[in-house]
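S.K.: Residue numbers (the numbering used here): 463 to 787. After the structure tokens below, expect a handful of questions from me.
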Amino acid sequence: MASCFSYVSSRNKCYQYSFSRAGLRSSTSDLGDGTVVHCWVPQTHIDTKPTLLLLHGLGANAMWQWDRFIDRFISRFNVYVPDLIFFGESYTTRSDRSESFQASCVMKVMDGHGVRTMTVAGLSYGGFVAYSIAAQFKERVDRVVLICAGVALDEKDVEEGPFKVKSPEEAAMLLFPQSPTLLRRLLKLAFYKPPIWIPSCIAMDYIHVMCRDYLQEKKELVEALHIGRRFANLPKITQPTLMIWGEEDQVFPVELAHRLKSHLGENRAQLVLLKKTGHAINEEKPKEMYKHMKSFLCTDAMIPPNDNAKRLILASLISPNQINK
Numbered sequence: 463m464a465s466c467f468s469y470v471s472s473r474n475k476c477y478q479y480s481f482s483r484a485g486l487r488s489s490t491s492d493l494g495d496g497t498v499v500h501c502w503v504p505q506t507h508i509d510t511k512p513t514l515l516l517l518h519g520l521g522a523n524a525m526w527q528w529d530r531f532i533d534r535f536i537s538r539f540n541v542y543v544p545d546l547i548f549f550g551e552s553y554t555t556r557s558d559r560s561e562s563f564q565a566s567c568v569m570k571v572m573d574g575h576g577v578r579t580m581t582v583a584g585l586s587y588g589g590f591v592a593y594s595i596a597a598q599f600k601e602r603v604d605r606v607v608l609i610c611a612g613v614a615l616d617e618k619d620v621e622e623g624p625f626k627v628k629s630p631e632e633a634a635m636l637l638f639p640q641s642p643t644l645l646r647r648l649l650k651l652a653f654y655k656p657p658i659w660i661p662s663c664i665a666m667d668y669i670h671v672m673c674r675d676y677l678q679e680k681k682e683l684v685e686a687l688h689i690g691r692r693f694a695n696l697p698k699i700t701q702p703t704l705m706i707w708g709e710e711d712q713v714f715p716v717e718l719a720h721r722l723k724s725h726l727g728e729n730r731a732q733l734v735l736l737k738k739t740g741h742a743i744n745e746e747k748p749k750e751m752y753k754h755m756k757s758f759l760c761t762d763a764m765i766p767p768n769d770n771a772k773r774l775i776l777a778s779l780i781s782p783n784q785i786n787k
């Protein structure tokens, strides 16, 4: 089947069309050190709009994970959606696999597009990168949204905590499955209500398109995320932070959300828990995820007092018509 027709490749093209139709264009930045980053950027950056940077998690490229949300945000924000290193068309010849390196690469891309300040939102692994951006570039990030991002993880949690996966090696095997059986196991882990049935031909098509390139490098990303990680060394970001979490998350259990909220402080961090929801919030509860992001992003606190243009733009987000799509 894959040799004649690829459902996954066709869907990828549909996402490209969707992003372009929404008002984004494909841009590739050569960072000059063996690193190339692909990013969807506004066709025209409008200075009166705030900027929203959306970071994807492990798995498919950025389009697959953020497509449901682009047209909801793009009329109100300058939206930037990069493929993180080793996903989509982004790659590096360097050996650094840390989220800190990912963060610095993303910010070099933003520098190249002349973007100074932004709000950063990250799904799962993208949340690790978002947190690192907020910690490293404090003066450039006004707000942070973390969606099921276990940044409060400690290395010992994997072996001693309530994790379904007990080693970085097993996690990498599941996150980048190489067989239909492993893909189905991943879906059971990520979803509260996983898809009932996926044909093996579709599963293998997805694996061939999304899980074969840079496989070893992606496994190293997972290892770098876990090995040697110490919660005691986690910096405290100072920006207002929204955390959205599924109560039934089996990838990053909800106790990590409470740990991070305590670490950041009650006055700085908000935590929203979604019932009957697993790790893949963007797929299981996209309307609720958007609703909470919208509420957090359109407050007066993120707009300078004298910036009436931005105030009017963001105020229009409150319209209930925007959430009924």
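Positions of the beta carbon are idealized from the N, C-alpha and C atoms, including for glycine.
Can you have a look at serine 746 and say buried or exposed, based on whether 16 or more other CB atoms are within 10 angstroms of its CB?
M.R.: In the sequence as displayed, the identity of residue 746 is glutamate instead of serine. Classification for glutamate 746: buried.
S.K.: Determine the direct distance from the alpha carbon of phenylalanine 467 to that of glycine 690, and round the result to whole angstroms.
M.R.: So the alpha carbons of these two residues sit roughly 43 Å apart.
S.K.: For serine 566, which of helix, strand or coil comes out of DSSP?
M.R.: Helix.
S.K.: Write down the C-beta distance between proline 702 and isoleucine 669 rounded to the nearest angstrom, noting that I regard them as a contact closer than 8 Å.
M.R.: No, proline 702 and isoleucine 669 are not in contact; Cβ-Cβ is about 39 Å, not under 8 Å.
S.K.: DSSP puts cysteine 487 in a beta bridge; with which residues?
M.R.: Reading the sequence as shown, one finds arginine at residue 487 and not cysteine. Its beta-bridge partners are Val503.
S.K.: Which stretch, first to last residue, makes up the alpha helix (DSSP H) that contains tyrosine 668?
M.R.: 662 to 672 is the extent of the alpha helix (DSSP H) around tyrosine 668.
S.K.: For leucine 733 versus alanine 719, is the C-beta distance shorter than 8 Å?
M.R.: Cβ atoms of leucine 733 and alanine 719: closer than 8 Å.
S.K.: Tell me whether leucine 733 sits in a helix, a strand or coil according to DSSP, three-state version.
M.R.: Leucine 733: strand per DSSP, three-state reduction.
S.K.: Does DSSP put tyrosine 553 in a helix, in a strand, or in coil?
M.R.: Tyrosine 553: strand per DSSP, three-state reduction.
S.K.: Cβ of methionine 569 within 8 Å of Cβ of isoleucine 595?
M.R.: Cβ atoms of methionine 569 and isoleucine 595: closer than 8 Å.
S.K.: Suppose you measure from the CA of glycine 494 to the CA of glutamine 564; what does that come to, to the nearest Å?
M.R.: Rounded to the nearest angstrom, the two C-alpha atoms are 15 Å apart.
S.K.: Would you mind reading off the limits of the alpha helix (DSSP H) that contains tryptophan 528?
M.R.: Element bounds for tryptophan 528: 524 to 535.
S.K.: Would proline 697 be called buried (16 or more neighbouring beta carbons within 10 Å of its own) or exposed?
M.R.: With fewer than 16 Cβ atoms within 10 Å of its Cβ, proline 697 is classed as exposed.
S.K.: Looking at the unbroken beta strand (DSSP E) that takes in proline 748, where does it start and where does it end?
M.R.: It is not in any beta strand (DSSP E) - proline 748 instead sits in the alpha helix (DSSP H) that spans 748 to 759.
S.K.: At which residues does the alpha helix (DSSP H) containing isoleucine 595 begin and terminate?
M.R.: Its alpha helix (DSSP H) spans residues 587 to 598.
S.K.: Using a Cβ cut-off of 8 Å (strictly closer), state whether serine 488 contacts chain D.
M.R.: In the structure shown, chain D cannot be found, because there is only a single protein chain.
S.K.: Can you name, in chain order, every residue of its own chain whose Cβ lies under 6 Å from the Cβ of leucine 516, other than the five neighbours on each side?
M.R.: So the list reads Trp528, Val543, Ala583, once near-sequence residues are dropped.
S.K.: Answer with buried or exposed for proline 512, where buried requires no fewer than 16 other C-beta atoms within 10 angstroms of its C-beta.
M.R.: By the neighbour-count rule (16 or more Cβ atoms within 10 Å), proline 512 is buried.
S.K.: Can you have a look at alanine 633 and say buried or exposed, based on whether 16 or more other CB atoms are within 10 angstroms of its CB?
M.R.: Looking at its Cβ environment, which holds 16 or more other Cβ atoms inside 10 Å, alanine 633 is buried.
S.K.: How big is the Cα-Cα spacing for glutamate 440 and lysine 756?
M.R.: Residue 440 cannot be examined here, being either before or after the span of the chain that is shown, 463 to 787.
S.K.: Inspect the beta-carbon positions of alanine 592 and leucine 615 and report whether they are closer than 8 Å.
M.R.: Not closer than 8 Å, so no.
S.K.: Pull up the CB-CB distance for glutamate 679 and phenylalanine 548, whole angstroms please, since I reckon it's below 8 Å.
M.R.: The Cβ separation is near 5 Å, so the contact holds.
S.K.: Report, in whole angstroms, the separation of the C-beta atoms of valine 498 and threonine 490, which I expect to be a contact under 8 Å.
M.R.: Correct: roughly 6 Å between the Cβ atoms.
S.K.: Going by Cα to Cα distance, which pick from Asp492, Ala524, Ile658, Glu631 is closest to leucine 677?
M.R.: Of Asp492, Ala524, Ile658, Glu631, the residue nearest in Cα terms is Glu631.
S.K.: Which residue wins for smallest C-alpha separation from aspartate 675, given the options Thr581, Asp573, Ile706, Ser552?
M.R.: The residue with the shortest Cα to Cα distance from aspartate 675 is Ser552.
S.K.: Quick one: give me the first and last residue of the beta strand (DSSP E) that valine 603 is part of.
M.R.: Per DSSP, valine 603 belongs to the beta strand (DSSP E) from 603 to 609.
S.K.: Between which residues of its own chain and valine 571 is the CB-CB distance below 7 Å, once the five residues before and five after are set aside?
M.R.: Here the set comprises Ser491, Val499, Cys501, Pro544.
S.K.: I think phenylalanine 758 touches leucine 704, with their Cβ atoms under 8 Å apart; what is that distance to the nearest whole Å?
M.R.: The pair is a contact, with the Cβ atoms about 4 Å apart (cut-off 8 Å).
S.K.: Helix, strand or coil for aspartate 711? Go by DSSP, reduced to three states.
M.R.: It is coil, neither helix nor strand.
S.K.: Just curious, the alpha helix (DSSP H) that valine 684 is in, first and last residue?
M.R.: Counting along the chain, the alpha helix (DSSP H) containing valine 684 begins and ends at 677 to 688.
S.K.: State the DSSP-derived secondary structure class of tyrosine 450, mapped to helix, strand or coil.
M.R.: Past the edges of the chain, shown from 463 to 787, lies residue 450, and the structure says nothing about it.
S.K.: At the level of alpha carbons, what is the spacing between tyrosine 477 and glutamine 505?
M.R.: The alpha-carbon atoms of tyrosine 477 and glutamine 505 are separated by roughly 16 Å.
S.K.: With distance defined between alpha-carbon atoms, name the residue in Thr700, Ile536, Gly708, Glu750 nearest to arginine 730.
M.R.: Cα-wise, what sits closest to arginine 730 is Thr700.
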